[in-house]
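Enquirer:
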Amino acid sequence: MEYLKSELTNTAVHAIENLFGFRPEKLDWQLTRKEFSGDLTLVVFPFTRYSKLSPEETGQAIGEVMEQNNAWVDGYNVVKGFLNLEISPKFWVKSLADMAKSNQLVRPVSNPTGVMVEYSSPNTNKPLHLGHIRNCLLGWSVGNLQKAIGNNVYRVQIINDRGIHICKSMVAWKLFAGGETPENTGLKGDHLVGKYYVVFDQKYREEIRELIDKGVDETEAKDTAPIMVAAREMLRKWEEGDAEVMKLWETMNGWVYQGFDATYDAMGVSFDKNYYESNTYKLGKSLVEKGLQKGVFYREADSSVWIDLSDVGLDKKILLRSDGTSVYMTQDVGTAVQRFEDFDIQRLIYTVGNEQDYHFQVLFEILKKLGYSWAEGLYHLSYGMVDLPTGKMKSREGTVVDADDLIREMKETAAAVSAELGKTEGLATAEKEDINRIIGLGALKYFILKVDPRKRMTFNPEDSIDMQGNTGPFLQYTHARIKSLLRKAETSPGISENISPEKEEIEVVKTLLRFSDVVHQAAEDNSPALVANFIYDLVKTYNGFYQNHSILRNENPEITAWRLSLSEQTARVINFGLDLLGIESPERM
51 MEYLKSELTN TAVHAIENLF GFRPEKLDWQ LTRKEFSGDL TLVVFPFTRY
101 SKLSPEETGQ AIGEVMEQNN AWVDGYNVVK GFLNLEISPK FWVKSLADMA
151 KSNQLVRPVS NPTGVMVEYS SPNTNKPLHL GHIRNCLLGW SVGNLQKAIG
201 NNVYRVQIIN DRGIHICKSM VAWKLFAGGE TPENTGLKGD HLVGKYYVVF
251 DQKYREEIRE LIDKGVDETE AKDTAPIMVA AREMLRKWEE GDAEVMKLWE
301 TMNGWVYQGF DATYDAMGVS FDKNYYESNT YKLGKSLVEK GLQKGVFYRE
351 ADSSVWIDLS DVGLDKKILL RSDGTSVYMT QDVGTAVQRF EDFDIQRLIY
401 TVGNEQDYHF QVLFEILKKL GYSWAEGLYH LSYGMVDLPT GKMKSREGTV
451 VDADDLIREM KETAAAVSAE LGKTEGLATA EKEDINRIIG LGALKYFILK
501 VDPRKRMTFN PEDSIDMQGN TGPFLQYTHA RIKSLLRKAE TSPGISENIS
551 PEKEEIEVVK TLLRFSDVVH QAAEDNSPAL VANFIYDLVK TYNGFYQNHS
601 ILRNENPEIT AWRLSLSEQT ARVINFGLDL LGIESPERM
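First residue of the sequence shown? That's 51 in my numbering, and the numbers climb one at a time after it.
1) Is it the case that the Cβ atoms of I633 and G492 are separated by a distance below 7 Å?
2) Can you name the start and end residues of the beta strand (DSSP E) that V129 belongs to?
3) Which of the three DSSP states, helix, strand or coil, is assigned to F132?
4) I need the DSSP call for L58, collapsed to helix, strand or coil.
5) By alpha-carbon positions, which one of I488, S514, I485 and N486 ends up nearest to L499?
6) Using a Cβ-Cβ cut-off of 7 Å (strictly less than) and excluding sequence neighbours within five positions of E459, which residues of its own chain qualify?
7) Note down the Cα distance separating R184 from L494, rounded to an integer number of angstroms.
8) Which residue comes first and which comes last in the alpha helix (DSSP H) that contains Q196?
9) Mind checking T401: buried by the 16 CB within 10 Å criterion, or exposed?
10) Along the chain, where does the beta strand (DSSP E) containing N202 start, and where does it finish?
11) Residues in its own chain within less than 7 Å of S534 by CB, not counting five upstream and five downstream?
12) Per DSSP, V412 is paired with what?
13) State the Cα-Cα distance for the pair F70 and Q110, rounded to the nearest angstrom.
14) With distance defined between alpha-carbon atoms, name the residue in V248, E462 and D273 nearest to I258.
15) What's the C-alpha gap between A316 and M296?
16) Take E618 as the anchor and find which of A147, L92 and K130 has the nearest alpha-carbon.
17) Check the DSSP bridge columns for Q80 and list the partner residues they point to.
18) Measure the Cβ-Cβ separation of A293 and C217 and say whether it is below 7 Å.
19) Here's a check: name, in chain order, each residue in its chain whose Cβ is nearer than 7 Å to the Cβ of F250, leaving out the five neighbours to either side.
20) Please state whether DSSP places D452 in a helix, a strand or coil.
21) Counting along the chain, where does the beta strand (DSSP E) carrying D516 start and finish?
22) For a cutoff of 7 Å on Cβ pairs, would you count I262 as touching chain B?
23) Which residues mark the beginning and the end of the beta strand (DSSP E) in which H570 is found?
24) Using DSSP with H/G/I as helix, E/B as strand and the rest coil, what is H430?
25) Given this structure, state the Cα-to-Cα distance separating W612 from R537, to the nearest angstrom.
26) Which full runs of the beta strand (DSSP E) of 3+ residues lie inside the region 319-389, going along the chain?
27) What would DSSP say about Y400, mapped onto helix, strand or coil?
28) In or out: P503 buried (at least 16 other Cβ within 10 Å) or exposed?
29) Which residue from V319, L180 and L563 puts its Cα closest to that of Q154?
30) According to the neighbour-count rule (16 or more other Cβ atoms, all chains shown, within 10 Å of its Cβ), is Y247 buried or exposed?
31) Would L525 pass as a contact of I601 if the rule is Cβ separation under 7 Å?
32) On the DSSP letters alone, give me the boundaries of the alpha helix (DSSP H) that V248 sits inside.
33) Find the nearest neighbour of Y331 within the set G374, E426, M302 and R397, judged by alpha-carbon distance.
34) Here's the rule: buried if 16 or more other CB atoms are within 10 angstroms of the residue's CB, otherwise exposed. What is Q80?
35) I'd like the span of the beta strand (DSSP E) that includes M166, first residue to last.
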């Protein structure tokens, strides 16, 4: 579509210059609305000040010249200030032929840059859950989009492996586990550690109630509950490097990392580098000291360190507590600086939920005030939370939707639906299991990614696995059906210049030609949803053609070859688009 717009722009600019003595720098092209005749629309309102004519007369004058001087323009009509151009069928035939010859579906950017994408960034006190799934799928897909347009992409996570929440799991395990390990229980390591995070909360609540029953004030009870005192003491020992505590910390974190890796592998995501809070907070503290020397930060009477951001409409923010310990902001400052030292990047995209919007506003301003020019390339991909039909999830109470359980359930649901519809009859067990895995994960990923990242969403597993409608399995099935069609064909795909495409065929080509633009817009907006919904539009458009026109059963071999080529390129774009979302396209289902 870029080629067509470029060709039409050249003709239109010359027409406007010759007609009205004005050479526009930019033209506003739009796809013609479905209720009007035409393919591409030029907005002519901006030129009326030079033409001294009405919008309709201005459009008529430009349209007449374009029809005479551009071989691709077959006709035109004007609706108010909109010039609707009808493009020659020969153009669509040529375009599909060019697509079939090209190895590239997405045009690369002229100046590639280094882009880092952070996602997941879990705590090591619990397994990954549904919220992490949305985070990981968004981050992975955004990285794919940046890579598709030619940028150099680096994928990272910051693992929150220190702090009181980590010590809670450690204390509970030490007090109540009786030596349980992943090996002797058969539990994944992250599940085992998460179990004791929940146990801590249960015991903590019990102790608070017992103290309140004895007449202790609730606030004091929360502060003096023995298990919380033990957790704070363990944190103090960790910060002092106590050998016994460090050994337990390393052991339990090791269990969690093995569990995380298994879940990431099942999701189909990975990282180029892991950063650890236990390392980066130290760099953050040293940067705070430098900021004090520069006058960016200031020290209060109690020795705590702050920054005043009221000049940019934000509040005061603490960087170091009065006892010298760091806060999350401190570590994030250090992590950002470390990343720009480690990688040749110009942009850094943080995939983090919208409850952290203010945190990132503050972080970016701090880095700017510290003098880092690259801070202008920082971006917070702020996404909405994921709810269930039953409501919100709560980690401490153990009411989250576990990522591993959800992935397993999606595979099982896919297997049940496929069996009911007879989709996998006659297949070997291994192939059947692989297809069910592909369908189950495709359903999960598409259901999450088709929603604008900024919106809060409700995940309903049953709706996501439907074989009809705007779902992953529906798109995968269309791809598999096209592949089956191509396998059955006795004629090879090919394109003859003598073809006069039908209206439905032209609509498919027009949709295919939008793909590159959609991917670029999705990369610019960091919104995989644009690609997801484009693929759905493409599949609907193709199915409209498929249902109304015979592909293999017609008397003209040139038409058969043309329609096979149209189908082949459709499958190619579906496959590429789904891959950008991290979704596999099965050859059969």
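Note that beta-carbon positions come from the ideal geometry of N, C-alpha and C, so glycine has one too.
Expert: In terms of the structure at hand:
1) yes
2) V123 to V129
3) strand
4) helix
5) S514
6) P511
7) 10 Å
8) L180 to A198
9) buried
10) N202 to I209
11) R638
12) According to DSSP, which records beta bridges pairwise, V412 is partnered with nothing at all.
13) 13 Å
14) D273
15) 30 Å
16) A147
17) T91
18) no
19) K218, S219, V221, A222 and I277
20) strand
21) Segment: none, D516 is in no beta strand (DSSP E) and carries neither H nor E.
22) This model lacks chain B altogether, as it is built from one protein chain only.
23) It is not in any beta strand (DSSP E) - H570 instead sits in the alpha helix (DSSP H) that spans F565 to D575.
24) strand
25) 16 Å
26) 323-326, 355-358 and 366-370
27) strand
28) buried
29) L563
30) buried
31) no
32) G239 to D263
33) G374
34) exposed
35) G164 to E168
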